[in-house]
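Read the structure below first, then the notes.
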Amino acid sequence: MGSVPNPDSSVPAAPPPASAHAPARPDAAAPKAADKDTTAGVLFGIGAYGLWGLLPLYFFVLKPAGAVEIVANRVVWSLLFCALLVTVTRAWPALVTALRTRAVFGSLALAAFLIAVNWLTYTYGVTTNQAVETSLGYFINPLVSVLLGVFVLKEKLRPLQWAAVVIGFIAVGVLTYSYGKLPWIALTLAFSFGLYGFVKKRVGPRVDAVTSLSVETVVLAPFAAAAMVALGVSGAATLTTQGAGHFWLLLASGVITAVPLVFFGASARRLPMTTIGLLQYFAPVLQFIVALVVFREAMTTERWIGFGVVWVALLLLTVDMLRTARKNALARRRTPVQAAG
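In our numbering, the protein residues as written are 800 to 1140.
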């Protein structure tokens, strides 16, 4: 959730040859700086996906708060945290520009609706002991992104991508049989987050991660505040009824929501798309482990088979992604040589 870097930016242009009497180049330390930047990007990415992967533990300790109350608090307290971030980073002019630019604001308002659907579904799944299915949603999200490329962007799939999509449909069939119903939580998560990423990509680098999150939070805040008031009036709110620890944990939801998004933005600006694509599996793997080890959710033989089929599809997508990235890198390396020739 942040601007996605241009893959071409990860390969620097070849420097012109220096003469024997030329002074030492001032950019001699550039490779070391690039290595440090890549390391920082990986660490930021692990931090973002690691926090997202451990998020079910946070929702677990917030019980008896339900999905609506948790999401409403996330939005309201995120708004305050975003205001602090915007002030510290002096990004108020960028935020005002985004709010006034109709195309940007419209896209981010749509993104806000999609992420609200995603948050509500995810929180509902975790708080109703269906964390395994929520992890499935993020496992199949890359397959949904491929489908969006075909149907929305009219992209042509490569053979391995076609194979992954077909295997993904088989996996959904197996899991539908296992659950006795369509795994709607997983599918809602995958499609809402896939569409969210698509909308954010269309906004592009015009809006940084903090500004984007702030606009989305501004859009959702009135609905979240209304939900908190309604819960309070009906006596269903837990914010002030479960002790000081529960109160402060709910207030911390703003920080817990915003920090991984900022980490992701910092990672995306430093790493190529291929690396980001590999890091994204870190979150559902952690979610899956938490669901099995901590929450002790059941996994039948049919569900193991279904998950296994999904992982085969993801393996094919990963192989295709790495092969394509390697071909593109080789093509970029040949271009300066051909130009020099």
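We put the CB at the ideal spot given by N, CA and C, even for glycine.
From a predicted model like this one, the values you see are computed outputs, not experimental measurements.
Please give me, in chain order, every unbroken run of the beta strand (DSSP E) with length at least 3 that falls completely inside the stretch 1025 to 1112.
Runs of the beta strand (DSSP E) inside the stretch 1025 to 1112: none found.
Report buried or exposed for residue 1071, applying the criterion of at least 16 other Cβ atoms within 10 angstroms of its Cβ.
Stepping through the sequence shown from its first residue, residue 1071 is reached at position 272. Residue 1071 is buried by the Cβ-count criterion.
Residue 1049 to residue 1008, Cα distance in whole Å?
To locate residue 1049, count along the sequence shown from 1; it is residue 250. To locate residue 1008, count along the sequence shown from 1; it is residue 209. Going from the Cα of residue 1049 to the Cα of residue 1008 covers about 23 Å.
Alpha carbons only, please: which of 932, 950 and 1064 is nearest the one belonging to residue 1099?
As a working mapping, residue 1099 is identified with position 300 in the sequence shown. It is 932 whose Cα lies nearest to the Cα of residue 1099.
Who are the Cβ neighbours of residue 847 in its own chain at under 7 Å, not counting the five residues just before and after it?
The residue given as residue 847 occupies position 48 in the sequence shown. The answer, listed in chain order, is 1059, 1062, 1063 and 1066.
Three or more C-beta pairs closer than 8 Å, one from the stretch 1029 to 1048 and one from the stretch 907 to 916: is that the case here?
They do not touch, by the three-pair rule.
Quick check on DSSP: helix, strand or coil for residue 865?
Taking the first residue of the sequence shown as 1, we reach residue 865 at position 66. Three-state result, residue 865: coil.
Measure the C-alpha to C-alpha separation of residue 929 and residue 1131 and round it to an integer number of angstroms.
By one-based count along the sequence shown, residue 929 stands at place 130. By one-based count along the sequence shown, residue 1131 stands at place 332. C-alpha separation (whole angstroms): 46 Å.
Answer yes or no: do residue 1037 and residue 877 have a C-beta to C-beta separation smaller than 8 Å?
Taking the sequence shown and counting its residues from 1, the one referred to as residue 1037 is at position 238. Taking the sequence shown and counting its residues from 1, the one referred to as residue 877 is at position 78. Contact: no.
With three or more C-beta pairs closer than 8 Å as the rule, is the stretch 881 to 890 touching the stretch 994 to 1014?
Contact holds: three or more Cβ-Cβ distances are below 8 Å.
Kindly indicate the opening and closing residues of the alpha helix (DSSP H) around residue 960.
The residue you call residue 960 lines up with position 161 of the sequence shown. Here the alpha helix (DSSP H) through residue 960 covers 958 to 978.
Is residue 996 closer than 8 Å to residue 944 when the C-beta atoms are compared?
As a first step, residue 944 must be located in the sequence shown, where it is residue number 145. As a first step, residue 996 must be located in the sequence shown, where it is residue number 197. Yes; because the gap between Cβ atoms is below 8 Å, this pair is in contact.
Report the CB separation of residue 993 from residue 956 in whole angstroms; it is logged as a contact under 8 Å.
Indexing the sequence shown from 1 puts residue 993 at position 194. Indexing the sequence shown from 1 puts residue 956 at position 157. Contact doesn't hold; Cβ gap of about 16 Å is too wide.
Answer with buried or exposed for residue 1115, where buried requires no fewer than 16 other C-beta atoms within 10 angstroms of its C-beta.
Taking the sequence shown and counting its residues from 1, one reaches residue 1115 at position 316. Looking at its Cβ environment, which holds 16 or more other Cβ atoms inside 10 Å, residue 1115 is buried.
Can you give the Cα-Cα distance for residue 756 and residue 893, rounded to whole angstroms?
With the chain running from 800 to 1140 in the structure shown, residue 756 is simply not present.
Run the CB neighbour count on residue 954, radius 10 Å, all protein chains shown included, and call it buried at 16 or more, exposed below.
The count along the sequence shown starts at 1 and reaches residue 954 at position 155. Burial call: exposed.
What residue range is occupied by the uninterrupted alpha helix (DSSP H) comprising residue 1000?
Within the sequence shown, the letter at position 201 stands for residue 1000. Unbroken alpha helix (DSSP H) run through residue 1000: 983 to 1002.
Is the beta carbon of residue 1089 sitting closer than 8 Å to the one on residue 967?
For the purposes of this step, residue 1089 is taken as residue 290 along the sequence shown, with counting starting at 1. For the purposes of this step, residue 967 is taken as residue 168 along the sequence shown, with counting starting at 1. No.
Which same chain residues, not among the five before or five after residue 1027, have their C-beta less than 6 Å away from its C-beta?
Here residue 1027 corresponds to residue number 228 of the sequence shown, with the count starting at 1. Only 871 meet the Cβ criterion.
Is it the case that the Cβ atoms of residue 1069 and residue 837 are separated by a distance below 8 Å?
As a first step, residue 1069 must be located in the sequence shown, where it is residue number 270. As a first step, residue 837 must be located in the sequence shown, where it is residue number 38. The answer is yes: Cβ separation under 8 Å.
Rank 873, 964 and 983 by C-alpha distance to the C-alpha of residue 1056 and give the top, closest one.
Taking the sequence shown and counting its residues from 1, the one referred to as residue 1056 is at position 257. Taking only the C-alpha atoms, the option nearest residue 1056 is 873.
Please report how far the alpha carbon of residue 859 lies from the alpha carbon of residue 975, in whole angstroms.
Here residue 859 is taken as the residue at index 60 of the sequence shown, counted from 1. Here residue 975 is taken as the residue at index 176 of the sequence shown, counted from 1. One C-alpha to the other measures close to 26 Å.
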